[in-house]
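Numbering (the numbering used here), first residue to last: 1 to 342.
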């Protein structure tokens with residue numbers, strides 16, 4: 001059985017489910033079949049799509065140990081699944097565990113969420129399954145920019161001179177030493193400004209920013225020299241398969257410094273052929289940080305240098321497939337079915 005852990009309506013999961021069905025798999029649960037048996041040849045591999053946001057409010061999990069045996073059961077509300085039968089898990093973009101609607105006191109709901117998260121971590125650690133992009137602890141560690149940048153340097157990837165700091169003096173020094181300096185968040189998490197959700201994008205540092213550099217002490221930032229770009233790349237690694245999409249945002253004022261503004265009317269996407277050495281190092285980096293999937297971001301300079309920026313342990317790939325036709329969903333389906341072997 002394949003277990004997909006993600007929120008309802010996840011477009012990436014829909015794409016992979018289509019690819020899984022082409023390979024003979026079938027969805028079980030309220031939107032699919034209820035028979036979870038498979039033939040000797042593996043045809044009809046069952047796939048359960050479940051969201052951790054249903055736990056514990058709408059789903060039940062039991063882990064029991066008795067007489068030297070253990071049971072790991074998931075009751076989704078429509079069926080009970082023996083989790084020990086799961087062979088592969090894809091943790092896409094799940095919701096946080098949530099208490100039932102009848103639990104209304106905020107601190108009680110937070111407490112329930114913490115308890116549920118703790119239990120899920122324990123149950124997931126016991127599944128005899130392959131994980132994509134990796135087990136949660138490996139995924140969180142690999143996503144840390146300081147950790148994966150150090151490993152990228154060890155593997156010989158070219159990276160910009162980089163400072164992670166909350167020292168205002170470091171900002172001033174980096175600004176003076178760089179022809180142009182950019183600042184980024186340590187992790188791209190949204191926050192609120194005047195009650196509205198806000199996200200910080202790559203920002204070119206100006207002298208005006210230096211006047212308020214004392215604010216840096218409140219939150220660490222990443223400082224890097226601006227890397228001139230011919231194109232940017234999003235490189236998707238699925239097991240041993242590597243896909244590269246080039247992103248040319250030079251015609252977009254909004255996305256020129258950070259393509260995540262998704263100005264698709266003015267941004268060009270295309271398939272990019274990586275040099276064999278860069279492709280090999282991308283696959284090795286993902287494996288070395290303990291993952292089976294990751295999205296890597298690069299800049300290709302006008303001189304043809306490949307400059308590594310960061311690794312996203314569960315980075316988006318749907319737009320890559322949509323705009324370039326690269327078969328990422330099929331690669332994920334293949335990995336879930338058989339480890340990606342031909």
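Glycine residues also receive a C-beta, built at the ideal position from the N, C-alpha and C atoms.
{"Query": "Just the C-alpha distance for residue 52 and residue 5, rounded to the nearest angstrom, thanks.", "Result": "7 Å"}
{"Query": "Considering only the beta carbon of each residue, do residue 166 and residue 216 sit closer than 8 Å?", "Result": "yes"}
{"Query": "Would you list, in sequence order, the uninterrupted beta strand (DSSP E) runs of no fewer than 3 residues that lie entirely inside the region 267-341?", "Result": "268-271, 293-300 and 306-312"}
{"Query": "Hey, could you find the ends of the beta strand (DSSP E) residue 410 is sitting in?", "Result": "The structure shown has nothing for residue 410, since the chain only spans 1 to 342."}
{"Query": "Evaluate residue 224 with the Cβ neighbour count: other Cβ atoms within 10 Å of its Cβ, from every protein chain shown; 16 or more gives buried, anything less gives exposed.", "Result": "buried"}
{"Query": "Distance check for residue 83 and residue 62, CA to CA, integer angstroms please.", "Result": "10 Å"}
{"Query": "I'd like to check one pair, residue 331 with residue 238: are the Cβ atoms closer than 8 Å?", "Result": "yes"}
{"Query": "Taking the straight line between their C-alpha atoms, what separation do you get for residue 151 and residue 170?", "Result": "23 Å"}
{"Query": "Is the beta carbon of residue 243 less than 8 Å from the beta carbon of residue 307?", "Result": "no"}
{"Query": "Going by the DSSP bridge assignment, what does residue 244 pair with across the sheet?", "Result": "235"}
{"Query": "Nearest by alpha-carbon distance to residue 250: which of 136, 268 and 235 is it?", "Result": "268"}
{"Query": "Measuring alpha carbon to alpha carbon, tell me which residue in 117, 301 and 288 is nearest residue 138.", "Result": "288"}
{"Query": "What's the gap between the Cα of residue 246 and the Cα of residue 56?", "Result": "42 Å"}
{"Query": "On the DSSP bridge list, what partners appear for residue 114?", "Result": "Paired residues: none, contrary to the question."}
{"Query": "Residue 92: buried (16+ other C-beta within 10 angstroms of its C-beta) or exposed?", "Result": "buried"}
{"Query": "Answer yes or no: do residue 290 and residue 142 have a C-beta to C-beta separation smaller than 8 Å?", "Result": "yes"}
{"Query": "For residue 174, report the span of its alpha helix (DSSP H) as first-last.", "Result": "168-177"}
{"Query": "Could you check if residue 12 is buried or exposed, using at least 16 other CB atoms within 10 Å of its CB as the buried criterion?", "Result": "buried"}
{"Query": "At 3 residues or longer, and completely inside the region 50-121: list those beta strand (DSSP E) runs for me, N to C.", "Result": "60-66, 69-75, 80-82 and 88-91"}
{"Query": "Assuming residue 19 is part of the alpha helix (DSSP H), what are its boundary residues?", "Result": "11-22"}
{"Query": "My understanding is that residue 64 touches residue 77, with C-beta atoms under 8 Å, so please give their C-beta distance in whole angstroms.", "Result": "Incorrect: roughly 20 Å between the Cβ atoms, too far for contact."}
{"Query": "Assuming residue 141 is part of the alpha helix (DSSP H), what are its boundary residues?", "Result": "136-143"}
{"Query": "Please report how far the alpha carbon of residue 114 lies from the alpha carbon of residue 54, in whole angstroms.", "Result": "14 Å"}
{"Query": "Helix, strand or coil for residue 217, going by three-state DSSP, please let me know.", "Result": "helix"}
{"Query": "Tell me the rounded alpha-carbon separation between residue 292 and residue 201.", "Result": "27 Å"}
{"Query": "Counting only the same chain and skipping the five closest in sequence on each side, list residues whose C-beta sits under 7 Å from that of residue 39.", "Result": "Confidence is the limiting factor: at residue 39 the pLDDT is only 37, short of 50, which leaves the residue's position unreliable and the question unanswerable from this model."}
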